[in-house]
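Chains A and B supply the protein sequences, listed in that same order.
So the mapping is simple: the working numbering equals the position in the first sequence, first residue as 1, plus 108.
So the mapping is simple: the working numbering equals the position in the second sequence, first residue as 1, plus 41.
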Amino acid sequence: MKKIPDKEILLFKSCLVNLEYPGVESSTRYLFDKLDIEYIVSNRQSCCTGLGHYTDLFDQFSTTAIAARNFAVAREEGHKNIATLCSTCYAILKKSCNILNKNEEVRNKINNIFETSGLGNMEYIEDEMKSKDNIFHVAEILYSKSTEIENIFKIDLSHFKVASHHACHYCKAHHKDTIGNARDPMILETLANACGLDTVDWYDRKTNTCGNGFRQRYLNKDLSLSVTNEKLLSLKENDVDILLHMCPNCQMQFDRNQKYIGRSQATEFNIMHLNISQLVALALGADPYRVVGVQTHTVSLDPILKELKKKSID
Amino acid sequence: MKTLKLGENTFKLAWSIIKDLKASEYIGVLKCIQCGMCTSVCPAARHTDLDPRVISKRVLDNDENLISDDLIWNCFYCYSCHSVCPVNNSVCEINQILRQKAIKKGNGIPEIAPFSNYAENFLEFGLGSIPINFFDELVQDIGEDWLQLKVDLEDIRAELGLAPLTLPEEDVQDINKILEKTGFKNRLGKIKRVKG
Ligand code: SF4
Ligand code: SF4
Numbered sequence: 109m110k111k112i113p114d115k116e117i118l119l120f121k122s123c124l125v126n127l128e129y130p131g132v133e134s135s136t137r138y139l140f141d142k143l144d145i146e147y148i149v150s151n152r153q154s155c156c157t158g159l160g161h162y163t164d165l166f167d168q169f170s171t172t173a174i175a176a177r178n179f180a181v182a183r184e185e186g187h188k189n190i191a192t193l194c195s196t197c198y199a200i201l202k203k204s205c206n207i208l209n210k211n212e213e214v215r216n217k218i219n220n221i222f223e224t225s226g227l228g229n230m231e232y233i234e235d236e237m238k239s240k241d242n243i244f245h246v247a248e249i250l251y252s253k254s255t256e257i258e259n260i261f262k263i264d265l266s267h268f269k270v271a272s273h274h275a276c277h278y279c280k281a282h283h284k285d286t287i288g289n290a291r292d293p294m295i296l297e298t299l300a301n302a303c304g305l306d307t308v309d310w311y312d313r314k315t316n317t318c319g320n321g322f323r324q325r326y327l328n329k330d331l332s333l334s335v336t337n338e339k340l341l342s343l344k345e346n347d348v349d350i351l352l353h354m355c356p357n358c359q360m361q362f363d364r365n366q367k368y369i370g371r372s373q374a375t376e377f378n379i380m381h382l383n384i385s386q387l388v389a390l391a392l393g394a395d396p397y398r399v400v401g402v403q404t405h406t407v408s409l410d411p412i413l414k415e416l417k418k419k420s421i422d
Numbered sequence: 042m043k044t045l046k047l048g049e050n051t052f053k054l055a056w057s058i059i060k061d062l063k064a065s066e067y068i069g070v071l072k073c074i075q076c077g078m079c080t081s082v083c084p085a086a087r088h089t090d091l092d093p094r095v096i097s098k099r100v101l102d103n104d105e106n107l108i109s110d111d112l113i114w115n116c117f118y119c120y121s122c123h124s125v126c127p128v129n130n131s132v133c134e135i136n137q138i139l140r141q142k143a144i145k146k147g148n149g150i151p152e153i154a155p156f157s158n159y160a161e162n163f164l165e166f167g168l169g170s171i172p173i174n175f176f177d178e179l180v181q182d183i184g185e186d187w188l189q190l191k192v193d194l195e196d197i198r199a200e201l202g203l204a205p206l207t208l209p210e211e212d213v214q215d216i217n218k219i220l221e222k223t224g225f226k227n228r229l230g231k232i233k234r235v236k237g
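Spelled out as structure tokens, the structure:
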């Protein structure tokens, strides 16, 4: 397995975490603090271009130049191990890093842009970042601390049945670097098990994409939501209470659209959606409103909140 | 013995894809054995006429009409095909490259123009966001609470101990200089002219 760092980490901010589920970032910070992971967040870091890139608006060269700038920020801040909150940031940064290392022409062109913009200090040197050694998803960092989590989790949420949605841009886009098997990834289950929860390890549509498809949710809504619906039906068949996420775009696709899909199918889905950092933070005793950010969710998390209340009275 | 002569243009489209910056280093475009593994896992194939195996075949047949075929716009970029292909082909990457060719040709621009507000915000703040033109429909589908979340966001972030969302002005200017010189601003100009 790849070597996962626990220091000199730049926690890489994500646009949809910023705007939709900020509790994913605060939960991650809470966990990193508890688990003695040394990290920073930098306000100089820009977004990765992801939503623009995968709606075909950004070209690969511009996306790579933006990544090279963010790599320079990480280096200048002395934290060159990047941990992303979003699977698309992860895929974009790994791709850009590979291009910068392997394509001399592109590297020189981007360095020339830096030089002529008065940003010579940002020059990217071949192999100064390695896609496999320096770019991670937050879930991988947490996964490497599963044993510690198992030792310190406080709140028993085993009442709930949990399944995973390992985001495509984490497990499929760079599948050779995915922990475990890209066809049946288990890192989210392992983390949930560490917190004492039972997991539905396999269900029919486990490896299905969320259906967002970038442009598809906005321009081909019916197509997009039919794919989301397939997964929801499979989860319902398995009586899943909580779907675990590792990507804010997938989380949004399910959490924001679930009621709408239910209405149009004349059925009801009662599946709650949590990012893995949010679930582990709750199990470690984090405040649902001041750390986990449950107030920004669309599907009600009341069953979990009630269970937490019961547990604090017991 | 008869020798089959392949003209230099036989695999022109395939080679232009292999050499594209978006293509993975070891992309197996020319190795496709038409096994259909890609199609078996493709969400677009289940719900539309897009068939990744056929896309791959048409690339090998040098079918340039693909660039103006609406089918390529049904892809989800989910990389499911990419992750199962036994010869490291990636119809996911092929579709991304074909769409860029369509944009270059012009016929693809109306497909991306609705997202141009993403780029405007990126240039203004260095941050990504959902294009504002989709908000009305999203509020209708999701509910008024979602709009209220936008209004309350800064307060909620403060409650969670998170800083306001701003990059230092100097860094935003640097990003603008970079995107000017990569040609992105010029590209955005063209896209917006089509929209208007
Ligand atoms: S999985 Fe790969 S080899 Fe098989 S048809 Fe698809 S592209 Fe060709
Ligand atoms: S990336 Fe596109 S072609 Fe490949 S499986 Fe997903 S939707 Fe199908």
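Ideal Cβ positions, reconstructed from N, Cα and C, are used throughout, including at glycine.
CA-to-CA distance, residue j to residue i, given in whole angstroms
{"i": "B/Leu62", "j": "A/Glu258", "result": "44 Å"}
{"i": "A/Phe261", "j": "B/Leu201", "result": "21 Å"}
{"i": "B/Lys226", "j": "A/Ile221", "result": "14 Å"}
{"i": "B/Pro155", "j": "A/Thr172", "result": "23 Å"}
{"i": "A/Phe377", "j": "A/Leu299", "result": "25 Å"}
{"i": "A/Lys217", "j": "A/Gln366", "result": "45 Å"}
{"i": "A/Thr336", "j": "A/His273", "result": "12 Å"}
{"i": "A/Ala290", "j": "B/Arg234", "result": "42 Å"}
{"i": "B/Thr51", "j": "B/Ile150", "result": "28 Å"}
{"i": "A/Leu165", "j": "A/Cys123", "result": "16 Å"}
{"i": "A/Gly304", "j": "A/His282", "result": "30 Å"}
{"i": "A/Pro113", "j": "A/Arg371", "result": "45 Å"}
{"i": "B/Ile171", "j": "A/Asn126", "result": "12 Å"}
{"i": "B/Asn217", "j": "A/Glu223", "result": "15 Å"}
{"i": "A/Glu146", "j": "A/Glu133", "result": "15 Å"}
{"i": "A/Thr406", "j": "A/Leu208", "result": "40 Å"}
{"i": "A/Cys358", "j": "A/Asp235", "result": "32 Å"}
{"i": "A/Ile174", "j": "B/Gly167", "result": "10 Å"}
{"i": "B/His123", "j": "B/Thr80", "result": "11 Å"}
{"i": "A/Leu392", "j": "A/Ile379", "result": "22 Å"}
{"i": "B/Gly169", "j": "A/Cys155", "result": "6 Å"}
{"i": "A/Arg398", "j": "B/Gly184", "result": "24 Å"}
Cβ-Cβ distance between residue i and residue j below 8 Å
{"i": "A/Ile384", "j": "A/Leu352", "result": "yes"}
{"i": "B/Asn130", "j": "B/Lys60", "result": "no"}
{"i": "A/Cys205", "j": "A/Ile243", "result": "yes"}
{"i": "A/Ile200", "j": "A/Glu248", "result": "no"}
{"i": "A/Val181", "j": "A/Ser225", "result": "no"}
{"i": "A/Val270", "j": "A/Asp292", "result": "no"}
{"i": "A/Asp349", "j": "A/Phe268", "result": "yes"}
{"i": "B/Ala64", "j": "B/Ile138", "result": "yes"}
{"i": "A/Gly228", "j": "B/Phe163", "result": "no"}
{"i": "B/Ser97", "j": "B/Ile135", "result": "yes"}
{"i": "B/Asn115", "j": "B/Lys53", "result": "no"}
{"i": "A/Thr196", "j": "A/Tyr162", "result": "yes"}
{"i": "A/Cys318", "j": "A/Gln361", "result": "yes"}
{"i": "A/Asp264", "j": "A/Lys142", "result": "no"}
Whole-Å CB distance - residue i paired with residue j, under 8 Å assumed
{"i": "A/Glu338", "j": "A/Asn316", "result": "6 Å"}
{"i": "A/Gln403", "j": "B/Ile197", "result": "6 Å"}
{"i": "A/Phe169", "j": "A/Val214", "result": "7 Å"}
{"i": "A/Tyr368", "j": "B/Asp182", "result": "5 Å"}
{"i": "B/Ser157", "j": "B/Ile219", "result": "Between B/Ile219 and B/Ser157 the Cβ distance is about 19 Å, and since that is not below 8 Å, they are no contact."}
{"i": "A/Ala389", "j": "A/Tyr232", "result": "Not a contact, Cβ separation roughly 35 Å."}
{"i": "B/Val132", "j": "B/Pro93", "result": "4 Å"}
One or two residues paired with residue i in a DSSP bridge
{"i": "A/Leu118", "result": "A/Ile148, A/Ile190"}
{"i": "A/Leu327", "result": "Per DSSP, none; premise fails for A/Leu327."}
{"i": "A/His381", "result": "A/Leu351"}
For residue i, three-class secondary structure by DSSP
{"i": "A/Asp306", "result": "strand"}
{"i": "A/Ala271", "result": "strand"}
{"i": "B/Phe117", "result": "coil"}
{"i": "B/Gly237", "result": "Here B/Gly237 scores only 46 on pLDDT, less than 50, and its place in the model should not be relied on; the value that follows carries that caveat. Coil, per DSSP."}
{"i": "A/Phe244", "result": "strand"}
{"i": "A/Pro356", "result": "helix"}
{"i": "A/Asn178", "result": "helix"}
{"i": "B/Lys218", "result": "helix"}
{"i": "B/Tyr67", "result": "coil"}
{"i": "B/Phe225", "result": "helix"}
{"i": "B/Arg94", "result": "helix"}
{"i": "B/Met78", "result": "helix"}
{"i": "B/Ser124", "result": "helix"}
{"i": "A/Gly288", "result": "coil"}
{"i": "A/Met294", "result": "coil"}
{"i": "B/Ala85", "result": "helix"}
{"i": "B/Gly169", "result": "coil"}
Residue i beta carbon near ligand 4 (any heavy atom closer than 7 Å)
{"i": "B/Ala64", "result": "Within the structure as shown, ligand 4 is missing, the only ligands being ligand 1 and ligand 2."}
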